[in-house]
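The block underneath contains the structure these notes are about, expressed in structure tokens.
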Amino acid sequence: MGTTTIAFGLANLLYWFDWKLPNGLKEEDIDMEETGGLSLTIAKKTALHLVPVKFSQETYIS
Numbered sequence: 000m001g002t003t004t005i006a007f008g009l010a011n012l013l014y015w016f017d018w019k020l021p022n023g024l025k026e027e028d029i030d031m032e033e034t035g036g037l038s039l040t041i042a043k044k045t046a047l048h049l050v051p052v053k054f055s056q057e058t059y060i061s
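Rendered as structure tokens:
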């Protein structure tokens with residue numbers, strides 16, 4: 000039940016928002032390097048910061 004709730008919440012965030020990079024940041028500037036360690040999970044060295052922009056259907060109608 001908990002996993003379903005989390006997945007539903009994430010799906011809503013992805014559906015209702017477009018995600019943009021903060022001002023001045025380009026796709027090439029994103030560091031995708033991972034940290035090493037003995038843990039079972041992998042983490043990025045730097046966090047990914049995104050800006051949510053309210054989804055607008057008119058933007059995609061051509």
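Here numbering that gives the first Met the number 0 is used: position 32 in the sequence shown is 31, and no number is missing along the way.
Ideal Cβ positions, reconstructed from N, Cα and C, are used throughout, including at glycine.
- In the three-state reduction of the DSSP assignment, Phe54 falls in the coil class.
- Residue state for Asp30 is assigned as coil, using DSSP reduced to three classes.
- Phe7 sits away from Lys53, with the two beta carbons spaced by 8 Å or more.
- Between Ala46 and Thr34, the CB-CB gap reaches or exceeds 8 Å.
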